[in-house]
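> If you scroll down you'll find the structure; I have some questions about it.
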Amino acid sequence: MKIAFAASDAPVAQTARAVLVGRYGHTDEADADVIVALGGDGFMLQTLHRTQTLDVPVYGMNRGTVGFLMNTYSESDLVARLQAAEEAVINPLSMRAETVAGEVHQALAINEVSLLRQGPQAAKLKIWVDGRLRLEELVCDGALVATPAGSTAYNYSAHGPILPIGSGVLALTAIAPFRPRRWRGAILPAAAHVRFEVTDPAKRPVMADADSRSVQDVAVVDVQVEPDIRHRILFDPGHGLDERLIREQFA
């Protein structure tokens, strides 16, 4: 098995990479059968984005903090674990953000696309779904659209629902909503096209973020699933995303 090892800048991850390369060798990512990512969830997301043009699965081992997308770290049985691993396929979200100045920025997000107020005043957003105005005004700190894989991250902290992998839906979640005060969001089909329009962006500036790729002073943000991009993630048997999503709800 040809393995490519990638590691975050953390010393513990760099040390692990040196040990594993010495034991199993190293292959360039373009020629590898599998990429082993050493770090935390943030580094896993970076690796998936960076290698999205390669049809190579990524197996993460936790050398970071939370490690929701990672497997436990072990040096002795890596090949056997890779051979037995279960694969999950994730389609990212596509974000198209147009600024007040008319600049257009595009980015992909595996976890979520979020809109956040930039200043002291609450944001005012209009929300369209598939060309139909669904919410005339949401006064809030922000709002986000999350994939099932990202539903346990920022979305869950904002009291959004945890979505099973393969459920074919997205979570649209408000962040600290003020009006409508009791509106907590919606569950949408995965094929839905969500548009956010910022009301009075000069007085109430808003930023958009796609997996830590930020755009300031947005006026309009479009979000939808990108079906042509497939991220392949490997997990140890019995510890795949479905199990992790269930377990998270009982933590």
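Everything in the sequence shown is counted per our numbering, starting at 12 for the first residue and increasing by one.
Where is the CB? At the ideal position from N, CA and C, for every residue including glycine.
Small disclaimer: the values here were computed from a predicted structure and weren't measured.
Compute the distance between the beta-carbons of ASP233 and VAL217, then report whether it is under 9 Å.
With contacts defined as CB atoms closer than 9 Å, ASP233 and VAL217 fail to qualify as a contacting pair.
> Cβ atoms of LEU126 and GLY153: under 9 Å apart, would you say?
A contact, by the Cβ cut-off of 9 Å.
> What's the C-alpha gap between ALA134 and ARG192?
14 Å
> Cβ of PHE189 within 8 Å of any heavy atom in the ligand NAD?
This structure lacks the ligand NAD; in fact it carries no ligand of any kind.
> Can the beta-carbon of ASN122 be found closer than 9 Å to that of ASP222?
yes
> Taking ILE244 as the reference, give the member of VAL23, ARG74, PHE79, GLN25 with the closest Cα.
PHE79
> To the nearest angstrom, report how far apart LEU104 and LEU119 are at their CA atoms.
5 Å
> I need the straight-line Cα distance from GLN260 to ALA112, nearest angstrom please.
Distance between the alpha carbons of GLN260 and ALA112 is about 42 Å.
> Is the shortest distance between the beta-carbon of ASP228 and the beta-carbons of chain B less than 9 Å?
You won't find chain B in this structure, because it holds only one protein chain.
> Measuring only the C-alpha atoms, how far is TYR167 from GLY251?
19 Å
> Decide if GLN117 is buried, meaning its Cβ has at least 16 other Cβ atoms within 10 Å, or exposed.
exposed
> List the endpoints of the continuous alpha helix (DSSP H) containing ASN166.
165 to 168
> Closest to MET12 by CA distance: which of HIS37, THR26, ALA18, GLN25 is it?
HIS37
> Between ALA96, THR64, ASP66, HIS60, which lies nearest to MET72 when the distance is taken from Cα to Cα?
ALA96
> Where does ILE257 fall in DSSP's three states?
ILE257 sits in a helix when the DSSP states are folded into three classes.
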